[in-house]
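Going line by line, the protein sequences match chains A and B.
For the first sequence, the working numbering assigns the number 1 to the initial residue and increments by one for each residue that follows.
For the second sequence, the working numbering assigns the number 1001 to the initial residue and increments by one for each residue that follows.
Cβ coordinates follow ideal geometry from the N, Cα and C atoms, glycine included.
These notes are about the structure you will find just below.
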Amino acid sequence: MPEREISVSGTLVWYYYICPREVWLISHQINPDQDHDNLSLGRYIGENTYAREKKEIIVGNSKIDVFHTENGKMVIGEVKKSSKYKESARMQLAFYLKELKERGIIARGELRFPKEKAREEVILDDRTERQLDQVKREILRIIYLEKPPQPKRIQFCKKCAYNEFCWS
Amino acid sequence: MKKTIYIFSDGELHRKDNTLFFETESGRRFIPVEDTGEIMVFGEVQFNKKFLEFLSQKEIILHYFSHYGYYMGTFYPREHLNSGYMILRQCEHYLDELRRLTIAREFVRGAGKNIRQVLKYYHSRGKELGQPLETAEKLIATIDDHDSITALMAVEGNIRDHYYHAFDIIINDKDFTFQERSRRPPKNYLNTLISFGNSLMYSICLSEIYKTHLDPRIGYLHATNFRRFTLNLDISEIFKPIIIDRLIFSLIGKKMITKNDFDRDTEGISLKEKAKKCFVEELDNKLKTTINHREIGRSVSYRRLIRLELYKLEKHLMGEKPYTPFIARW
């Protein structure tokens, strides 16, 4: 992996809303267990859905799952396994919208839940932008902590690929 | 969990389109690549670079053993989990003598306490093991007094020595007496089994390390010399008594392996193919056996316990939680 400056990416925003410990671990390249079923499933869904759409563009540090243009306007999509952590996904997508906006592109966002055959629109408003600025600072603060935040047992732990790492 | 493929016959390993393929004189067999975690080769096997490239791509590790069943080497595909952060922590704990000792002590403690657990188990089943148990207890109690790796290695060797001599009481079979620990070549049947089992354990631990961010070349009890894998030797110490030795006792006890399962030639004693197969099959079953894990809140397999041990070590290196070895409770 090439040398990179530490900076916030969309994935980190997603994890921030789920578990700050994950933010620290991922940013230190301590990746979760690659054999974990949910990871494989997520990878599979990402690779095998929306085949007709253009996939993956890189903006800054972020990789956007799918995109297309509609009446000359760009629409970007984030693909998720389920809508369970919708708020996290919403902020992740809003982060991408903001990254594009900072580069002069006004786009619209769509959350995609292929298994549920559902979509949901995400629009970047002033309030969300302010919230994202704050989250960005908070994520950087976590990354620069000397140790990861202590594990806390939450609902997500049960399905998390870090489960055994955190609780061993 | 992905499977371990054991190859005993002679033949050729290929990449065939997007899967693996093993061809022998008597037939051909597909090896489903997505379901394979590691390959252990005991037979005479040929393969080419294309095959190795495919293994790398699929992150499959390959271990090979000599005709006598000794661990010979590993095709360790390029690292797929890189964390500069973790490598630096690992080195930091190796270079600092005190920190290195702290970890090495835990490995010796883990080995010693699991040995004690095995002795206790057979003692409670009427084997006369009071003496070795007492000695093991005494030696374990001295672990914290030693402040050099050499001294710790000596304690470990000492515990193991007394323990191996107790094998005669546990096994109680004149075909399988211990006499003394002999390797390369082992001088008797029991030593042959111990060597074979330990070889397997080293390679299994290495496979698990491959799935973490740890570098297998940096061990703490066993000295790193940058040529050889050593962290897997450290981790193996903890699991050898409860996995390999218990397996040997049960194989001999159930007469699944008898003195007729060995070949003797000028270079030493080796296990016949049938016995090797029996050994690895039973080991595979053992590794799949699950035990209840309190903190994780569900049952985990013995094989998974090895991974958890590595996770605990990572957390120690990160300064999160001091490492304590897994100790069997029964």
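From the beta-carbon of A/Q29, the residues of chain B found nearer than 9 Å are L1081, N1082, S1083, G1084, Y1085, M1086 and H1213. Listed along chain A are N163, E164, W167 and S168, each with a C-beta nearer than 8 Å to that of B/I1296. Of all residues in the stretch 140 to 159 of chain A, those with a C-beta nearer than 7 Å to a C-beta of chain B are K147 and P148, reading in chain order. Secondary structure note for A/A89: its alpha helix (DSSP H) is the uninterrupted segment K86 to E102. The beta-carbon of B/E1314 is placed less than 9 Å from the nearest beta-carbon of chain A. Note on geometry: alpha-carbon atoms of A/I58 and A/K147 lie some 30 Å from one another. Cβ contact annotation for B/R1029 (same chain, cutoff 6 Å, sequence separation greater than five): F1022, in chain order. In the three-state DSSP reduction, A/G60 falls in the coil class, being neither helix nor strand. At a cut-off of 9 Å, the C-beta of A/Q34 has a neighbouring C-beta in chain B. With a cut-off of 8 Å on Cβ pairs, the stretch 1157 to 1176 of chain B is in contact with the stretch 1189 to 1202 of chain B, counting three or more such pairs.
Within the stretch 1317 to 1328 of chain B, the residues whose Cβ lies closer than 8 Å to some Cβ of chain A are M1318, G1319 and E1320, listed in chain order. Boundaries of the beta strand (DSSP E) around B/R1028: G1027 to I1031. Contact fails between the stretch 24 to 44 of chain A and the stretch 82 to 89 of chain A, because fewer than three Cβ pairs, one in each stretch, are under 8 Å apart.
Taken through DSSP and simplified to helix, strand or coil, B/N1048 comes out as coil. In the DSSP assignment, B/M1072 falls within the beta strand (DSSP E) that extends over Y1071 to F1075.
Around A/Y162, the same chain offers E22, L25 and P32 as residues with beta carbons nearer than 7 Å, after the five sequence neighbours per side are excluded.
Between the C-alpha atoms of B/V1108 and B/H1123 there is a straight-line separation of about 22 Å. Within chain A, the residues E164 and S168 have their CB atoms less than 8 Å from the CB of B/L1308, given in chain order. In the structure shown, B/F1239 falls within a helical segment according to DSSP collapsed to helix, strand and coil. Contact note: B/Y1311 reaches chain A through E164, F165 and S168, using a C-beta cutoff of 7 Å and chain order. Scanning its chain for C-beta atoms nearer than 7 Å, with the 5 sequence neighbours on each side dropped, one finds around B/Y1094 the residues R1100, I1218, Y1220 and T1224, in chain order. CA-CA distance, A/R112 to A/Y15, rounds to 18 Å. Secondary structure of B/L1271 (DSSP, three-state): strand.
Runs of alpha helix (DSSP H) with 4 or more residues, each lying fully within the stretch 17 to 58 of chain A, are found at 20 to 27 and 37 to 48, listed in chain order. B/E1208 has a beta carbon lying at 9 Å or more from every beta carbon in chain A.
The Cβ-Cβ distance between B/E1282 and B/L1310 does not fall below 9 Å.
Residue-level contact by beta carbon holds for B/E1059 and chain A, with a gap shorter than 9 Å.
Under the 8 Å Cβ criterion, the stretch 1171 to 1179 of chain B does not count as touching the stretch 1269 to 1278 of chain B, having fewer than three qualifying pairs. For B/M1086, the number of other beta carbons within 10 angstroms of its own is at least 16, and it is reported as buried.
For B/T1004, the secondary structure class from DSSP, reduced to helix, strand or coil, is strand. When DSSP states are grouped into helix, strand and coil, B/M1153 belongs to the helix group. Fewer than three pairs of CB atoms, one per stretch, sit closer than 8 Å, so the stretch 1313 to 1321 of chain B makes no contact with the stretch 1284 to 1298 of chain B.
Any Cβ of chain A closer than 9 Å to the Cβ of B/V1041 would place that residue at the interface, and such an atom is absent. About 7 Å separates the beta carbons of B/V1041 and B/H1063, which is inside the 8 Å limit, making them a contact pair. Chain-ordered listing is empty here: chain A has no CB closer than 9 Å to the CB of B/M1072, the nearest sitting near 27 Å.
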